[in-house]
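One structure is given below, encoded as structure tokens.
In my numbering, the protein residues as written are 1 to 90.
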């Protein structure tokens, strides 16, 4: 990936089909994993969204033309002392 788009995404260009297919697989597995959590596992789901979602957002920022479904990736964090959830989208 670094050879294709540069270390920080400075050489953004459309990705090869190989990379696009790999990124689609990554997204689909992420979505399936999140859907596997039951209603009593909300805390764990939010933890996974925070950890994996951050990495997926970094991938999205470095790549071009990977699909609109990546806009659904969110990172949940807390805001201030109140501890309210704030959703940050890519």
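Here a beta-carbon is modelled for each residue, glycine too, at the ideal position from N, C-alpha and C.
Check: Using only the alpha-carbon positions, how far apart do residue 44 and residue 57 sit?; Outcome: 19 Å
Check: Grouping DSSP H, G and I as helix and E and B as strand, with all else coil, what is residue 32?; Outcome: helix
Check: Does DSSP put residue 73 in a helix, in a strand, or in coil?; Outcome: coil
Check: Would you tell me roughly how many angstroms separate the C-alpha atoms of residue 35 and residue 47, rounded to the nearest one?; Outcome: 14 Å
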